Amino acid sequence: MEEIADGDAKGVVAYLFAKKDADSEVYFNFTITCNGRLGRLFWSNSRSKEDYKYYGDIVVFNSIYNTNRYPYPLVVIYGINNHFCMFIFACPTVSDEKVKTYEWILNNFLETIDAKQPLSVVTDGASQMRKAIKRCFLNAKHRFCSWHIQRNLISNIANKEFREGFKNCIYRNCSIDQFETKWANL
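Mapping to the numbering used here: the sequence shown position 40 is 201, numbers consecutive.
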């Protein structure tokens, strides 16, 4: 508590400046609101940048809410390698979920990864994030997270047989023709 007596936001920013002094590849950016509070914070380090070079073809954007006393979402930007190990590329936190805010995140991400755009981006499907992805990652394919699809399927479809058939379509490895046949039968 003594370390954050002057404000935890100031402490975080001071910490990131110290990290930048120790590692010139650390990237961070932040904005201050008109009230003098931290509005947005984006950070990534040299290891994350190096990991992105190897595992950045598919990027996942995952927003985490209500995990602490702050109402701001933490957006974890990560990838997964061929051994199913997760690599965190960046961790921004923001005070709102507007298209402009997501564009700020994506533009900072592009800055830290030397503008190498991912091939695919996986999200929960939030409309604001979809719009920002279209504007910032011009050639990336946007995919919906299968966990969110599964959750929505359970919440909105009562027919258990349909749910099982749907899961069989999306989770089983098959050719395009096999999928089309399964989908038509479903």
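C-beta: ideal position from N, C-alpha, C; glycine also.
Source: prediction; values computed, not measured.
Contact between the segment 272-281 and the segment 305-314 is absent: fewer than three C-beta pairs spanning the two stretches fall below 8 Å.
For C330, the CB contacts under 8 Å within the same chain, skipping 5 residues up- and downstream, are F340, K343, W344, L347 in chain order. Note that the segment 241-248 does not touch the segment 179-191; fewer than 3 beta-carbon pairs, one per stretch, sit closer than 8 Å. DSSP, reduced to helix, strand and coil, places K302 within a strand of the structure shown. Within the model, the alpha-carbon separation for T262 versus E211 is close to 25 Å. By the CB criterion at 8 Å, Y239 and V255 fall outside the cutoff. G197 carries a coil assignment under DSSP once its states are collapsed to helix, strand and coil. Spanning the alpha carbons of D169 and N320 requires a straight line of approximately 49 Å. When DSSP reads this structure, L271 sits in no beta bridge, so it has no partner. A Cβ-Cβ distance of about 5 Å is found for the pair I274 and Y213, placing them in contact under the 8 Å criterion.
Of the candidates I310, N190, G172, the residue whose Cα lies closest to the Cα of L267 is N190. At a Cβ-Cβ threshold of 8 Å, D285 and H303 do not count as neighbours.
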